[in-house]
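Colleague: The structure is given below, and queries will be raised subsequently.
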Amino acid sequence: MEKEKKVGTDKKTLKKRLKRYIPIYFMALPGLLYLFINNYMPLPGLVLAFKKFNAKKGIFGSDFIGFKNFKYLFATKDAFVITRNTILYNLAFIVVNTVLAVFVAIMLAEMTSKIKKTYQCLILMPFMISMVIVSYLVFGFLSSDNGFINNTLLRALGKEPIKWYMEKKYWPFILVFVNAWKVTGYNCIIYLSTILGIDRGIYESASIDGCSKWRQITKITIPLLKPTIIMMTLLAIGRIFYSDFGLFYQVPQNQGALFAVTNTIDTYVYRGLLELGNMSMSSAAGLYQSIIGFILILSANLAVKKIEPESALF
Amino acid sequence: MKKFLATLLASAMVVATLSGCGQAKDEPKEVSSTTETAVSETAETESGDVTPAQQAILDRKAEAEKNGSYEKVIISFFDWTGAPAGIERINQKLSEYTEEKLGVDVELLIIDSAAYSDDIKLMLSSGEQVDLFSTCGPGYMTCVNNGYTADLEEDDLLGTYAPGLKDVVRSDYFDACRVGGTLYGVPPIKDYAIQTAAICIGTEYLEGANVDLSRFTKDSLGYYKCSWDDVDEMFAKMHEAFPDKTVYSTQDNMLTQGSCVDNIGGDYYGTLLDPANSLKVENVYESEVFKTWCDRFYRWNQAGYISGDAMTDKNGASARIKSGSYMAMMACGKPAYENQISGECGRPMTVFDVGEPFMSSSAVSSFPWCINQNCEDKVAAIQVLEALYTDPVVANFVCWGEEGVEYVVNADTTINWGPGVDSNTSEYYPNVLWMMPNQYAAHVWEGDPIDVGEQTAIFNDTCPVKSKALGFTWDNSEYAAEYTALQNAYEEFSGKVIYGFVDPETGLKELNDALKAAGLDEYMAAKQAALDAWAKEAGIN
């Protein structure tokens with residue numbers, strides 16, 4: 003009897019809820035439609051990764067060739083280098099960018115002066131600049147004939163000029179630095195908005211209790227930011243097999259001598275397929291990246307769930 | 115599609131019978147009104163002396179009469195600046211002519227060179243309308259391997275509808291474009307042979323450095339014949355006279371333009387070192403030719419002739435000379451080249467001929483014009499292609515734009531800029547003559563020899579070092595993994611050594627080790643096998 007009644011109310015509420023929320027579903031419709039068209043409709047095309055594409059036969063009519071298209075991603079000695087570069091750089095980016103973004107967000111949130119908005123805009127600026135332009139800014143610093151560092155800085159210090167574009171050892175730092183400079187402003191927006199969303203009352207009572215600014219940050223802001231940080235990190239882990247093509251291709255000026263430290267999966271695929279124009283091989287690379295990304299995000303989420311269930315994404 | 119074909123067929127039948135009695139040719143307007151009588155009248159007479167090609171044109175005109183608009187053939191190729199400002203006007207004027215002549219509208223779809231390769235591939239694979247296209251950009255073999263190109267001889271398309279093409283393009287040049295026996299493209303008429311290693315130096319710098327040109331003799335193309343020692347000597351003088359300018363503007367062309375090594379199959383991973391006499395596939399990066407080049411660049415780099423930014427600077431060699439801070443470059447010579455390179459470099463250039471003439475196996479088939487396999491009316495497309503090769507009016511429109519606006523014709527039939535127009539203000543100046551189907555069907559620019567077409571033909575025909583493998587093409591898609599790895603290895607280790615930043619001994623060893631680790635030997639063996647099979651079939655040994 004009890005159970006039946008419950009089911010009855012459940013149905014009723016469901017109906018009620020549907021009725022109540024139908025306008026919201028309608029509002030979401032364009033977004034869902036977009037998601038469907040853009041993200042789900044092309045999925046059958048993944049079959050291309052296992053075929054030898056021929057325009058005459060079409061995507062579905064082309065001949066199956068099994069895993070042959072994947073061979074170039076694994077069978078060569080470069081496979082290790084590009085996978086290592088992609089993962090290690092992304093790990094470094096995740097750590098460095100998160101720390102910097104949180105740091106900047108807290109600084110901005112604590113700021114009370116009027117020019118806060120100006121700072122916020124300035125720090126966001128690099129994100130708006132195209133990678134091609136960034137690459138030339140970097141070139142302006144590092145060029146061996148006319149670069150700022152070689153011709154002004156090092157000369158003033160009485161040091162020998164460095165051939166930046168031929169020395170591998172500097173590039174892991176240069177790339178991490180350039181990337182951080184570019185994206186920190188953007189990443190900190192989300193953290194900043196989370197901080198601004200924190201109930202001011204908590205801070206007030208803390209300061210009444212004699213809590214210093216530093217303790218407020220470590221004991222209130224950062225713990226309350228944790229779910230956001232975890233979410234952002236999880237999302238970044240899902241893309242750990244992708245790399246920012248512009249950063250790795252344009253910024254080192256596509257410099258062969260630096261490949262050992264700048265070649266990632268994306269640049270490797272691009273360089274190799276530029277001439278071949280082989281669609282099946284590029285979709286194989288895409289499929290490989292997304293499957294690994296999918297597995298990684300699932301396992302990372304599982305790990306988070308074990309440690310701190312309420313912070314997990316799903 | 116079926117419906118379209120049916121109407122086409124129906125109208126074709128109607129007009130076929132009509133033209134038999136000699137009415138349709140002159141009065142296509144009456145087609146629809148007189149159809150019935152015509153059919154009954156000509157039931158017994160056979161179709162007469164109208165060729166299928168003329169027939170197709172009449173059919174399209176009749177179709178246009180019915181629909182009120184002509185069907186359109188879209189031609190795509192690239193230029194350096196994207197669609198020219200006057201493109202709509204040119205398309206309209208060109209169409210006015212082709213409507214009358216061929217019964218079609220023609221649209222030139224000109225794309226920026228940087229975007230062309232991607233855009234055309236996208237259009238070809240997505241079914242967007244593009245009927246004729248230049249494979250310069252995406253590459254001929256890429257287009258064939260991906261199945262983008264139509265078989266031009268299916269149902270004797272070429273022979274039936276574009277017989278004129280066979281008059282202007284020689285059959286051995288057609289054969290050079292066959293892939294596995296099938297003809298997918300028609301080569302542009304141009305210089306297929308090259309005069310390797312043409313050193314181009316700004317004339318003002320030669321004068322400034324007091325270089326005595328009178329001691330050099332001229333070759334058959336009219337360029338100064340000289341040796342590498344002479345070049346070294348001139349560079350030394352120029353370097354001394356202009357210490358703040360860089361002597362040599364580099365580009366990765368020492369093999370493509372500076373040697374007679376045949377990049378058989380379309381890449382240098384396995385080449386013919388003695389292409390005129392031997393079909394043995396060898397590794398060029400271990401060869402004497404390549405070593406000599408690397409030594410030379412190492413020497414030049416040590417002497418300060420090469421910019422420290424040579425490896426990072428992606429500007430074209432001629433664009434750098436145009437900027438005024440570089441003095442010399444290497445290219446390959448051909449008839450009327452001095453004018454072309456002077457234009458590109460923005461200053462008078464003097465050309466020195468240091469190499470020898472050569473025609474590589476892919477010289478003819480590097481970027482033929484193709485028909486999209488997805489093209490709805492291949493007959494119309496090939497007829498437009500024929501007009502591009504044979505009809506001076508069409509060729510002039512495509513090469514130079516509109517007479518009286520973009521250009522004016524001189525008394526001797528050469529042309530020059532129209533009133534108030536120059537290369538910067540012209541509304542139509544693609545500047546890609548070498549890619550045009552037949553640049554010699556169009557006018558010659560003032561200052562170039564009027565018979566440049568014949569000169570070029572002779573230059574091609576008399577080339578003493580012709581590759582034995584002329585016409586060999588290779589589908590490397592089975593070895594795509596190796597190719598990708600080779601390409602990456604080459605880019606990683608080539609820059610330092612080809613621009614002379616590292617001692618050739620160590621640089622070449624590094625490069626070769628990397629290439630071998632990337633599978634060069636397997637790749638070369640596969641190439642050799644394909645070449646042997648081809649040679650056997652073609653009866654070459």
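Going down the list, the protein sequences come from chains C and E.
Counted the way this note's numbering counts, the first sequence spans residues 3 to 316.
Counted the way this note's numbering counts, the second sequence spans residues 115 to 655.
In this text, a Cβ means the ideal position worked out from N, Cα and C, and glycines have one as well.
#1: Give me the residue from C/F105, C/K161 and C/K221 with the minimum Cα distance to C/A182.
#2: In chain order, what are the residue ranges of uninterrupted alpha helix (DSSP H) at least 4 long that sit wholly in the segment 56 to 108 of chain C?
#3: Residues in its own chain within less than 7 angstroms of C/F150 by CB, not counting five upstream and five downstream?
#4: If you draw a straight line from the alpha carbon of C/N256 to that of C/N92, how long is it in whole angstroms?
#5: For chain E, find out if any of its Cβ atoms is closer than 8 angstroms to the Cβ of C/R157; answer yes or no.
#6: Compute the distance between the beta-carbons of C/F243 and C/I219, then report whether it is under 8 angstroms.
#7: Determine the direct distance from the alpha carbon of E/I188 to that of E/Q243, and round the result to whole angstroms.
#8: Going by other Cβ atoms of all chains shown within 10 Å of its Cβ, with 16 needed for buried, is C/T269 buried or exposed?
#9: Report yes if the C-beta distance between E/S341 and E/V468 is below 8 angstroms; otherwise report no.
#10: Check whether the Cβ of C/T1 lies closer than 8 angstroms to any Cβ atom in chain E.
#11: Compare the beta carbon distance of E/K339 and E/D333 with 8 angstroms and say whether it is the shorter of the two.
#12: Taking the DSSP output, what are the residues bridged to E/W514?
#13: In terms of residue numbering, what span does the beta strand (DSSP E) encompassing C/W183 cover?
#14: Check each residue of the segment 39 to 69 of chain C: if its Cβ is closer than 8 angstroms to any Cβ of chain E, include it; give the result in chain order.
#15: How should C/M127 be labelled, buried or exposed, when 16 other C-beta atoms within 10 angstroms of its C-beta is the threshold for buried?
#16: Strictly under 8 angstroms for the Cβ-Cβ distance: is E/Y521 near chain C by that measure?
#17: In the DSSP assignment, find the alpha helix (DSSP H) that holds E/I485 and state where it starts and stops.
#18: Grouping DSSP H, G and I as helix and E and B as strand, with all else coil, what is C/L289?
#19: Does chain E have any CB closer than 8 angstroms to the CB of C/Y270?
#20: Using 8 angstroms as the limit for Cβ to Cβ distance, is E/L238 near chain C?
#21: So, does the CB of C/S245 fall closer than 8 angstroms to a CB anywhere in chain E?
#22: For C/N41, is the classification buried or exposed, using 16 other Cβ atoms within 10 angstroms of its Cβ as the cut-off for buried?
#23: Cutting at 8 angstroms between CB atoms, please list the residues of its own chain near E/Q416, excluding the five before and the five after it.
#24: Can you find the residues in the same chain that come closer than 6 angstroms, C-beta to C-beta, to E/G278, ignoring five residues on each side of it along the sequence?
#25: Can you tell me which of the three DSSP states C/N303 falls into?
#26: Using Cβ-Cβ distances below 8 angstroms, what residues of the segment 167 to 195 of chain C are close to chain E?
#27: Taking all protein chains shown into account, do 16 or more other C-beta atoms lie within 10 angstroms of the C-beta of E/A644, making it buried, or fewer, making it exposed?
#28: Ends of the beta strand (DSSP E) at E/I188?
#29: Using 8 angstroms as the cut-off, can you tell me whether the segment 165 to 185 of chain C makes contact with the segment 247 to 266 of chain C, which would need three or more C-beta pairs spanning the two stretches below that distance?
#30: Could you give the residue range of the beta strand (DSSP E) that holds E/G447?
#31: With three or more beta-carbon pairs closer than 8 angstroms as the criterion, would you say the segment 458 to 473 of chain E touches the segment 425 to 438 of chain E?
#32: Quick check: the Cα distance between E/V128 and E/V164, rounded to an integer number of angstroms?
#33: Beta carbon of E/V523, beta carbon of E/F191: below 8 angstroms?
#34: Determine the contact status of E/M441 and E/V325, defining contact as a CB-CB distance below 8 angstroms.
#35: Determine the extent of the beta strand (DSSP E) in which E/A279 is found, giving its start and end residues.
#36: Quick check on the DSSP output: the alpha helix (DSSP H) that includes E/L172 runs from which residue to which?
Modeller: This is what the structure gives:
#1: On the first sequence, residue 182 of chain C is found 180 positions in, with the first residue counted as 1. Among C/F105, C/K161 and C/K221, the Cα nearest to that of C/A182 is on C/F105.
#2: 60 to 63 and 73 to 76
#3: Residue 150 of chain C sits at position 148 when you count from the first residue of the first sequence. Cβ within range, chain order: G142 and F143.
#4: Here residue 256 of chain C corresponds to residue number 254 of the first sequence, with the count starting at 1. Here residue 92 of chain C corresponds to residue number 90 of the first sequence, with the count starting at 1. So the two alpha carbons sit approximately 19 angstroms from each other.
#5: Here residue 157 of chain C corresponds to residue number 155 of the first sequence, with the count starting at 1. Taking Cβ atoms only, chain E never reaches closer than 8 angstroms to C/R157, which makes this a no.
#6: Taking the first residue of the first sequence as 1, we reach residue 243 of chain C at position 241. Taking the first residue of the first sequence as 1, we reach residue 219 of chain C at position 217. Not closer than 8 angstroms, so no.
#7: Here residue 243 of chain E corresponds to residue number 129 of the second sequence, with the count starting at 1. Here residue 188 of chain E corresponds to residue number 74 of the second sequence, with the count starting at 1. Near 7 angstroms, if we compare the C-alpha coordinates of E/I188 and E/Q243.
#8: Here residue 269 of chain C corresponds to residue number 267 of the first sequence, with the count starting at 1. Answer is buried; the Cβ neighbour count reaches 16.
#9: Taking the first residue of the second sequence as 1, we reach residue 341 of chain E at position 227. Taking the first residue of the second sequence as 1, we reach residue 468 of chain E at position 354. Closer than 8 angstroms, so yes.
#10: No answer is possible for residue 1 of chain C: it lies beyond the span of chain C, which begins at 3 and ends at 316.
#11: Position 225 of the second sequence holds residue 339 of chain E. Position 219 of the second sequence holds residue 333 of chain E. The answer is yes: Cβ separation under 8 angstroms.
#12: Against the second sequence, residue 514 of chain E aligns to sequence position 400. Bridge partners of E/W514: none, in fact.
#13: As a first step, residue 183 of chain C is located in the first sequence; it is residue number 181 there, counting from the start. Premise fails: C/W183 lies in the alpha helix (DSSP H), W173 to G199, not in any beta strand (DSSP E).
#14: K54, F55, N56, A57, K58 and K59
#15: Here residue 127 of chain C corresponds to residue number 125 of the first sequence, with the count starting at 1. Counting Cβ neighbours within 10 Å, C/M127 comes out exposed, since fewer than 16 surround it.
#16: For the purposes of this step, residue 521 of chain E is taken as the residue at position 407 of the second sequence. No, E/Y521 does not count as interfacial toward chain C.
#17: By one-based count along the second sequence, residue 485 of chain E stands at place 371. Element bounds for E/I485: not the alpha helix (DSSP H) but the beta strand (DSSP E), W483 to I485.
#18: Stepping through the first sequence from its first residue, residue 289 of chain C is reached at position 287. In this structure, C/L289 counts as helix in the three-state DSSP scheme.
#19: Counted from its first residue, the first sequence places residue 270 of chain C at position 268. Yes, C/Y270 counts as interfacial toward chain E.
#20: Against the second sequence, residue 238 of chain E aligns to sequence position 124. So, interface residue.
#21: Position 243 of the first sequence, counted from the first residue, corresponds to residue 245 of chain C. Taking Cβ atoms only, chain E never reaches closer than 8 angstroms to C/S245, which makes this a no.
#22: Here residue 41 of chain C refers to the residue found at position 39 when the first sequence is read from its first residue. The residue in question, C/N41, is exposed, as its Cβ has fewer than 16 Cβ neighbours within 10 Å.
#23: Here residue 416 of chain E refers to the residue found at position 302 when the second sequence is read from its first residue. Only G614 meet the Cβ criterion.
#24: Numbered from its first residue, the second sequence carries residue 278 of chain E at position 164. Around E/G278: E500 and T504.
#25: Locating residue 303 of chain C in the first sequence gives position 301, counting from the first residue. Here C/N303 sits in helix by DSSP.
#26: Y167 and M168
#27: Within the second sequence, numbered from 1, the residue matching residue 644 of chain E stands at position 530. With 16 or more Cβ atoms within 10 Å of its Cβ, E/A644 is classed as buried.
#28: On the second sequence, residue 188 of chain E is found 74 positions in, with the first residue counted as 1. Where E/I188 is concerned, the enclosing beta strand (DSSP E) stretches over K186 to D193.
#29: yes
#30: The count along the second sequence starts at 1 and reaches residue 447 of chain E at position 333. It spans Y440 to G447 - the beta strand (DSSP E) in which E/G447 sits, taken as one unbroken run.
#31: yes
#32: Here residue 128 of chain E refers to the residue found at position 14 of the second sequence. Here residue 164 of chain E refers to the residue found at position 50 of the second sequence. Residue confidence is low: E/V128 scores 44 on pLDDT, short of 50, so the model does not pin down where it sits. Its coordinate-derived value is still stated next. Between E/V128 and E/V164, the C-alpha separation is close to 14 angstroms.
#33: Taking the first residue of the second sequence as 1, we reach residue 523 of chain E at position 409. Taking the first residue of the second sequence as 1, we reach residue 191 of chain E at position 77. It is not a contact, given that the beta carbons lie outside the stated cut-off.
#34: For the purposes of this step, residue 441 of chain E is taken as the residue at position 327 of the second sequence. For the purposes of this step, residue 325 of chain E is taken as the residue at position 211 of the second sequence. No, Cβ-Cβ distance for E/M441 and E/V325 is not below 8 angstroms.
#35: On the second sequence, residue 279 of chain E is found 165 positions in, with the first residue counted as 1. In the sequence under discussion, the amino acid at residue 279 of chain E is Leu, which differs from the Ala named in the question. First-last for E/L279: L279 to V282, but that is the alpha helix (DSSP H), not the beta strand (DSSP E).
#36: Residue mapping note: residue 172 of chain E aligns to position 58 of the second sequence, counting from 1. Counting along the chain, the alpha helix (DSSP H) containing E/L172 begins and ends at P166 to N181.
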